[in-house]
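Before any comments, here is the structure.
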Amino acid sequence: MIKILEYIWIVLVTLTIFAYLLGYLKIITTALVAVLLFTTFIKGALVSDYFMGLKDVGVKYRLIPIIWLTVIMVLIAVAYYLPV
């Protein structure tokens, strides 16, 4: 289990550094915003499954944070892609 958590932690750090570098270098396009939202969703799902311990519980308890993440990501995407 420790090995899996270490790999998950490395993936989380890598995705965070990727998002940071895109923001720091100001390389933002509409396609990259979708990629960033997707990576944020993946990071949230990994944290809820492995670090919150929801990997081994019933499906209904695992769906709560996934549905919440989906709603938040969709709202952010709608707010970003709506014409001003």
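Just so you know, we're using this note's numbering here: the sequence shown kicks off at 1097 and counts up by one. Every residue gets a Cβ at the ideal spot worked out from N, C-alpha and C, and that includes glycine. Since the structure is predicted, the reported quantities are computational estimates derived from the model, not experimental observations.
Compute the Euclidean distance between the alpha carbons of residue i and residue j, then round it to the nearest angstrom.
{"i": "Ile-1168", "j": "Ile-1138", "result": "13 angstroms"}
{"i": "Asp-1152", "j": "Thr-1166", "result": "21 angstroms"}
{"i": "Val-1131", "j": "Thr-1110", "result": "14 angstroms"}
{"i": "Arg-1055", "j": "Leu-1150", "result": "Residue 1055 lies beyond the range of the chain shown here (1097 to 1180); nothing can be said about it."}
{"i": "Pro-1179", "j": "Ile-1124", "result": "17 angstroms"}
{"i": "Leu-1133", "j": "Ile-1162", "result": "14 angstroms"}
{"i": "Val-1170", "j": "Leu-1118", "result": "21 angstroms"}
{"i": "Ala-1127", "j": "Ala-1173", "result": "11 angstroms"}
Return the chain-ordered list of same chain residues with a C-beta closer than 7 angstroms to the C-beta of residue i, the five sequence neighbours on each side being excluded.
{"i": "Tyr-1176", "result": "Val-1129"}
Looking only at its chain, what residues have a beta carbon closer than 8 angstroms to the beta carbon of residue i, apart from the 5 residues adjacent to it on each side?
{"i": "Thr-1135", "result": "Leu-1111, Phe-1114, Ala-1115"}
{"i": "Leu-1108", "result": "Lys-1139, Leu-1142, Val-1143"}
{"i": "Ile-1100", "result": "Tyr-1146"}
My guess is that residue i and residue j are in contact by the Cβ rule of under 8 angstroms, so how many angstroms apart are they, rounded?
{"i": "Ile-1098", "j": "Tyr-1146", "result": "About 11 angstroms; that fails the 8 angstroms criterion."}
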